[in-house]
Amino acid sequence: DAVYFSLPTALRTKWVLKAIEKGLHVLVEKPMNGLKEVQAMVKAAETKGVQFMDGVMMMHNPRLKAIIPTEKEKKEDGKGVLGQTGPLRAVVSSFATGPMDRGNIRYNAGLEPYGALGDLGWYNIRITLWAFGYDLPVEVRAESNRLASANWHEGMIENVQVTMFYEDGRIGRFDAEFNNSCMRQWARLVGEKEEVHIPNFVISKTSDSFSIIKGKWGDFDAGQFNVQDAESVVPVGPSVQEAECIRNFATCIEAQKPDPFWPTIVLKTQAVLDACYESFRAGGKRIKVTKHIEE
Numbered sequence: 024d025a026v027y028f029s030l031p032t033a034l035r036t037k038w039v040l041k042a043i044e045k046g047l048h049v050l051v052e053k054p055m056n057g058l059k060e061v062q063a064m065v066k067a068a069e070t071k072g073v074q075f076m077d078g079v080m081m082m083h084n085p086r087l088k089a090i091i092p093t094e095k096e097k098k099e100d101g102k103g104v105l106g107q108t109g110p111l112r113a114v115v116s117s118f119a120t121g122p123m124d125r126g127n128i129r130y131n132a133g134l135e136p137y138g139a140l141g142d143l144g145w146y147n148i149r150i151t152l153w154a155f156g157y158d159l160p161v162e163v164r165a166e167s168n169r170l171a172s173a174n175w176h177e178g179m180i181e182n183v184q185v186t187m188f189y190e191d192g193r194i195g196r197f198d199a200e201f202n203n204s205c206m207r208q209w210a211r212l213v214g215e216k217e218e219v220h221i222p223n224f225v226i227s228k229t230s231d232s233f234s235i236i237k238g239k240w241g242d243f244d245a246g247q248f249n250v251q252d253a254e255s256v257v258p259v260g261p262s263v264q265e266a267e268c269i270r271n272f273a274t275c276i277e278a279q280k281p282d283p284f285w286p287t288i289v290l291k292t293q294a295v296l297d298a299c300y301e302s303f304r305a306g307g308k309r310i311k312v313t314k315h316i317e318e
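The sequence shown lines up with residues 24 to 318 when you count with this note's numbering.
What follows is the structure in structure tokens.
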């Protein structure tokens, strides 16, 4: 009925297209090898009437709908907690792996051309899009304080910092890094009233949580500071997000009606990723995201 593709990024597309042509549903690892290839896969899937979904397991974690439920989920399970924060102004996230052997496929620029930007940054981009209702940023800027040495494939992206600029002043900021001595994976949704902190936002625990944080300064104008943080921890689970991903994928197949939501968010994530990649190669120049969609 379906195939899960974990092939390297540079090799994956033609095999996904072959599977779609056979009428098979496809669950595809991220990142994709450019927006044009995503568009080709999505169009082929629509033509054949099969489901196209990326293997981003965190999207299926019940924490997300507990924070920002979809309209359907609001009717079924309630309103979530995001309303307490006030309008979201920023999403800040960080994802870094621990020590990694240089022989790891992630250091092979021929097979994984986006490096840390694609392998890790895909999650940062997605969590930002999710928090902002899948609105696309107008521009992005990506830069790094170093490139991997020529011995690890010239120009492979090992470390990247990205800013996503929105027309209404909202902003997304993240860093993604291979081979850091301190592995980290967290996201913060910054509202006008409160923040939501999501620990382990990519690779979760069976029983997980998120926190709602409200900080108080005291009388700032008078210079009388009495800093207080009120933090409420909200438990979620038990749940295995990998199993939830397969369950949701199977539900789409059994319904015999592909859900267009999944390919749509892949297209948006790839459009942002490609703009970030162009910005990185241009030394941190701000790049319009719409340019990649129009092309």
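All C-beta atoms, glycine included, are put in the ideal place defined by N, C-alpha and C. Since the structure is predicted, the reported quantities are computational estimates derived from the model, not experimental observations.
Tell me which residue opens and which closes the beta strand (DSSP E) that residue i is part of.
i           : result
residue 195 : 194–200
residue 27  : 25–28
residue 50  : 48–51
residue 124 : Element bounds for residue 124: n/a, residue is neither H nor E.
residue 271 : Residue 271 -> not in any beta strand (DSSP E); alpha helix (DSSP H) instead, spanning 264–278.
residue 221 : 218–222
residue 179 : Residue 179 -> no beta strand (DSSP E), and no H or E assigned at all.
residue 112 : 111–119
residue 155 : Here residue 155 belongs to no beta strand (DSSP E), and DSSP marks it neither H nor E.
residue 77  : 75–77
residue 210 : 207–214
residue 163 : 162–166
Going by other Cβ atoms of all chains shown within 10 Å of its Cβ, with 16 needed for buried, is residue i buried or exposed?
i           : result
residue 187 : buried
residue 127 : exposed
residue 208 : buried
residue 142 : buried
residue 123 : exposed
residue 206 : exposed
residue 314 : exposed
residue 34  : exposed
residue 54  : buried
residue 210 : buried
residue 304 : exposed
residue 281 : buried
residue 204 : exposed
residue 283 : exposed
Measuring CA to CA, which of the options is closest to residue i?
i           : options            : result
residue 258 : 33, 270, 221       : 221
residue 262 : 276, 254, 228      : 228
residue 43  : 24, 119, 55        : 24
residue 48  : 254, 285, 292, 313 : 285
residue 233 : 215, 260, 216, 56  : 260
residue 301 : 266, 84, 137       : 137
residue 111 : 121, 91, 125, 80   : 91
residue 71  : 295, 312, 279      : 279
residue 150 : 135, 139, 117, 179 : 117
residue 231 : 89, 62, 32, 213    : 89
residue 193 : 203, 167, 157, 226 : 157
residue 253 : 225, 277, 219      : 219
residue 312 : 305, 306, 214, 293 : 293
residue 226 : 66, 183, 131, 82   : 82
residue 182 : 189, 195, 199, 191 : 199
residue 85  : 290, 113, 316, 267 : 267
residue 197 : 64, 108, 113       : 113
residue 45  : 132, 26, 56, 30    : 26
residue 316 : 305, 298, 307, 303 : 298
residue 73  : 159, 184, 165, 51  : 51
residue 235 : 224, 153, 217      : 217
residue 184 : 154, 152, 148      : 148
residue 224 : 195, 190, 201, 264 : 264
residue 144 : 195, 133, 108, 109 : 195
residue 256 : 68, 237, 29, 75    : 237
So residue i and residue j are supposed to be a Cβ contact under 8 Å. How far apart are they, rounded?
i           : j           : result
residue 288 : residue 162 : About 20 Å; that fails the 8 Å criterion.
residue 213 : residue 295 : The Cβ separation is near 19 Å, so there is no contact.
residue 139 : residue 180 : 5 Å
residue 40  : residue 64  : 6 Å
residue 79  : residue 146 : 7 Å
residue 165 : residue 57  : Wrong, their Cβ atoms sit about 16 Å apart, outside the cutoff.
residue 190 : residue 31  : 36 Å between Cβ atoms; not a contact.
residue 59  : residue 152 : Their Cβ separation, rounded to whole angstroms, is 20 Å, which puts residue 59 and residue 152 out of contact at 8 Å.
For the alpha helix (DSSP H) containing residue i, name the first residue and the last one.
i           : result
residue 295 : 284–304
residue 42  : 32–44
residue 61  : 58–71
residue 141 : 138–142
residue 87  : 85–90
Is there a Cβ from chain B that is less than 9 Å from the Cβ of residue i?
i           : result
residue 193 : This model lacks chain B altogether; it includes just one protein chain.
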